[in-house]
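S.K.: Protein chains in written order, with the working numbering: chain A, 1 to 126; chain B, 1001 to 1151.
A single structure is presented below for examination.
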Amino acid sequence: MTEPLAGGGADDPGTDTDAPAGAHTFRDGSEMVIDKAAFSAFAIQALHAPAVIAALADEVAQIADYANSIAVQKGAIYAVTEVQSWPDSKRARANVWSSNFAAMIDDAHNSTLFKALAHFGGTATQ
Amino acid sequence: MTAPTPYGIVGPDPESLALAYFTPLMSPVPVTTRLPKPAARADTVTPWLRLEAGGGFMRDDEIMFDLSLILHSYAPQNEEPAAAKNLRTALGYGARGIYTFTVTDPDGVDWWVAHSKVQGNLFKQNDPLVNMPRYKAMLMWRIPGQALAVS
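The structure is reproduced here in structure tokens:
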């Protein structure tokens, strides 16, 4: 996959008689064309920026700390993965996970990871 | 000019509110907030849905609450698809996006759900306390708090 996120391509010209391919027409008749490939490239660059990676690492550390603070099962340890910042991925990613058997039991009993997610207002897989 | 009456903002009890909302919608599937204890001689257990407050927070506007609700769906081993189906149905009723709805709690107070979404989609994770398949998922309801007079 060489260009995984290079934009969505142009609209079907048969569906739009006047506007350029991919253009959005406003109520006053003016038109705007978004360079999706350029926008995507900019977004990917921003979402892999060192500051974003640092913020992401901090966020998952906070979620893991919270999960560990509310865990009921003795010995449960919730941990974070290293931030993965692959160039062919849309954005950098990291996970909080139940890193030992006690944490797996704890999460099955108490839904600790869901509660940690709710505490920070996140959505699973974000 | 009199001083304004001090007050606090209180949010709803998510479990009782969700119980009031889901019980009629999911009927005849029982909706509970705790694990039922069937009689020792009971030879059948029906699928059921359990609700659990997942937490959440007051938003920065200091009016709206984002309340998370964990839904657990159980079914006997030979009715496992029913557990997933019941949970999917409940998620459909509970996650309505920008379509708002009002739920009346057991005290007769109306709570307006301004936004709702699936915060974690269903997945299968057996409950160590229950010898039945369990699927669980999490919903978020955004609800404005209500003024609570402080004397």
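Ideal Cβ positions, reconstructed from N, Cα and C, are used throughout, including at glycine.
#1: Strictly below 9 Å CB to CB, what residues from chain A border residue 1128 of chain B?
#2: Can you pull out the residues from the segment 1056-1085 of chain B whose beta carbon lies closer than 7 Å to at least one beta carbon of chain A?
#3: Taking only beta carbons into account, state which residues of the segment 114-125 of chain A come closer than 7 Å to chain B, listed in chain order.
#4: Do you know whose CA, among B/1108, B/1056 and B/1087, lies nearest residue 1025 of chain B's CA?
#5: Is residue 1094 of chain B helix, strand or coil when you go by DSSP?
#6: Which same chain residues, not among the five before or five after residue 964 of chain B, have their C-beta less than 6 Å away from its C-beta?
#7: Along the chain, which unbroken stretches of the beta strand (DSSP E) at least 3 residues long are found entirely within the segment 61-91 of chain A?
#8: Any Cβ of chain A within less than 8 Å of the Cβ of residue 1097 of chain B?
#9: Using C-beta distances below 7 Å, list every residue in its chain close to residue 1066 of chain B, excluding the 5 sequence neighbours before and after it, in chain order.
#10: Is the Cβ of residue 1124 of chain B closer than 8 Å to any Cβ of chain A?
#11: Just verifying my parser: in three-state terms, what is the DSSP assignment at residue 1027 of chain B?
#12: Could you check the C-alpha separation between residue 58 of chain A and residue 1013 of chain B for me, to the nearest Å?
#13: In whole angstroms, what separates the C-alpha of residue 136 of chain A from that of residue 1032 of chain B?
#14: To which residues of the same chain is residue 182 of chain A closer than 6 Å at the C-beta, ignoring the five residues directly before and after it?
#15: In whole angstroms, what separates the C-alpha of residue 124 of chain A from that of residue 1135 of chain B?
#16: Which value, in whole angstroms, describes the spacing of the CA atoms of residue 1075 of chain B and residue 1085 of chain B?
#17: Do the segment 59-67 of chain A and the segment 43-51 of chain A touch if we need at least three Cβ pairs shorter than 8 Å?
#18: Below 8 Å on the Cβ atoms is my guess for residue 67 of chain A versus residue 81 of chain A; work out the distance and round it to an integer in Å.
#19: Could you tell me if residue 9 of chain A is buried or exposed, where buried requires 16 or more neighbouring beta carbons within 10 angstroms of its beta carbon?
#20: Which residue or residues does DSSP assign as beta-bridge partners of residue 1079 of chain B?
#21: Please classify residue 115 of chain A as buried or exposed, where buried requires at least 16 neighbouring CB atoms within 10 angstroms.
#22: Is residue 1011 of chain B close to chain A? Criterion is C-beta to C-beta, closer than 8 Å.
#23: Please name the residue in A/121, A/113, A/118 and A/122 whose C-alpha comes closest to that of residue 64 of chain A.
#24: With distances taken from CA atoms, which of B/1045, B/1147, B/1103 and B/1062 is nearest residue 1035 of chain B?
#25: In the DSSP output, which residue or residues are listed as bridge partners for residue 39 of chain A?
#26: Is there a Cβ of chain D sitting closer than 8 Å to that of residue 1138 of chain B, yes or no?
#27: Under the rule that 16 or more other beta-carbon atoms within 10 Å means buried, what is residue 1050 of chain B, buried or exposed?
#28: Give the straight-line distance between the Cα atoms of residue 1020 of chain B and residue 1007 of chain B, rounded to the nearest whole angstrom.
M.R.: On the basis of the supplied data:
#1: The count along the second sequence starts at 1 and reaches residue 1128 of chain B at position 128. In chain order: 105, 108 and 109.
#2: 1056, 1057, 1066, 1068 and 1070
#3: 114, 115, 117, 118, 119, 121, 123 and 124
#4: One-based indexing of the second sequence puts residue 1025 of chain B at position 25. Residue B/1087 is the option with its Cα nearest to residue 1025 of chain B.
#5: In the second sequence, counting from the first residue as 1, residue 1094 of chain B sits at position 94. The answer is helix: DSSP assigns residue 1094 of chain B an H, G or I state.
#6: As shown, chain B starts at 1001 and ends at 1151. That puts residue 964 of chain B outside it, with no answer to give.
#7: 78-80
#8: Within the second sequence, the letter at position 97 stands for residue 1097 of chain B. No, because no Cβ of chain A sits closer than 8 Å to the Cβ of residue 1097 of chain B.
#9: Counted from its first residue, the second sequence places residue 1066 of chain B at position 66. If we look at residue 1066 of chain B and ignore the five residues flanking it on each side, its Cβ neighbours are 1056, 1057, 1059, 1140 and 1142.
#10: Taking the first residue of the second sequence as position 1, residue 1124 of chain B is located at position 124. Chain A contact via Cβ: absent.
#11: On the second sequence, position 27 is the one that residue 1027 of chain B refers to. In the structure shown, residue 1027 of chain B sits in coil (DSSP, three-state: anything other than H, G, I, E or B).
#12: For this step, residue 58 of chain A is matched to residue 58 along the first sequence. For this step, residue 1013 of chain B is matched to residue 13 along the second sequence. Distance between the alpha carbons of residue 58 of chain A and residue 1013 of chain B is about 31 Å.
#13: Since the first and last residues shown for chain A are 1 and 126, residue 136 of chain A lies out of range.
#14: Shown here, chain A extends from 1 to 126; a query on residue 182 of chain A therefore has no answer.
#15: Residue 124 of chain A sits at position 124 when you count from the first residue of the first sequence. Residue 1135 of chain B sits at position 135 when you count from the first residue of the second sequence. Roughly 15 Å separates the two Cα atoms.
#16: The sequence position of residue 1075 of chain B within the second sequence is 75, counting from 1. The sequence position of residue 1085 of chain B within the second sequence is 85, counting from 1. Taking the straight line joining both Cα atoms gives about 10 Å.
#17: no
#18: Numbered from its first residue, the first sequence carries residue 67 of chain A at position 67. Numbered from its first residue, the first sequence carries residue 81 of chain A at position 81. About 14 Å; that fails the 8 Å criterion.
#19: Start at 1 with the first residue of the first sequence, and residue 9 of chain A comes out as number 9. Residue confidence is low: residue 9 of chain A scores 48 on pLDDT, short of 50, so the model does not pin down where it sits. Its coordinate-derived value is still stated next. Exposed: under 16 other Cβ atoms inside 10 Å.
#20: One-based indexing of the second sequence puts residue 1079 of chain B at position 79. Its beta-bridge partners do not exist; DSSP assigns none.
#21: Position 115 of the first sequence, counting from 1, holds the residue named residue 115 of chain A. Classification for residue 115 of chain A: buried.
#22: The residue you call residue 1011 of chain B lines up with position 11 of the second sequence. Chain A, which has no Cβ nearer than 8 Å to the Cβ of residue 1011 of chain B, makes this no.
#23: Stepping through the first sequence from its first residue, residue 64 of chain A is reached at position 64. Of A/121, A/113, A/118 and A/122, the residue nearest in Cα terms is A/113.
#24: Your numbering for residue 1035 of chain B matches position 35 in the second sequence. Comparing Cα positions, the closest option is B/1045.
#25: Here residue 39 of chain A is taken as the residue at index 39 of the first sequence, counted from 1. DSSP, once it has assigned bridges, lists no residue as partnering residue 39 of chain A.
#26: No chain D appears in this structure, whose protein chains are A and B.
#27: In the second sequence, the residue the question calls residue 1050 of chain B occupies position 50. Looking at its Cβ environment, which holds 16 or more other Cβ atoms inside 10 Å, residue 1050 of chain B is buried.
#28: Working through the second sequence from its first residue, we reach residue 1020 of chain B at position 20. Working through the second sequence from its first residue, we reach residue 1007 of chain B at position 7. When rounded, the distance between both Cα atoms is 27 Å.
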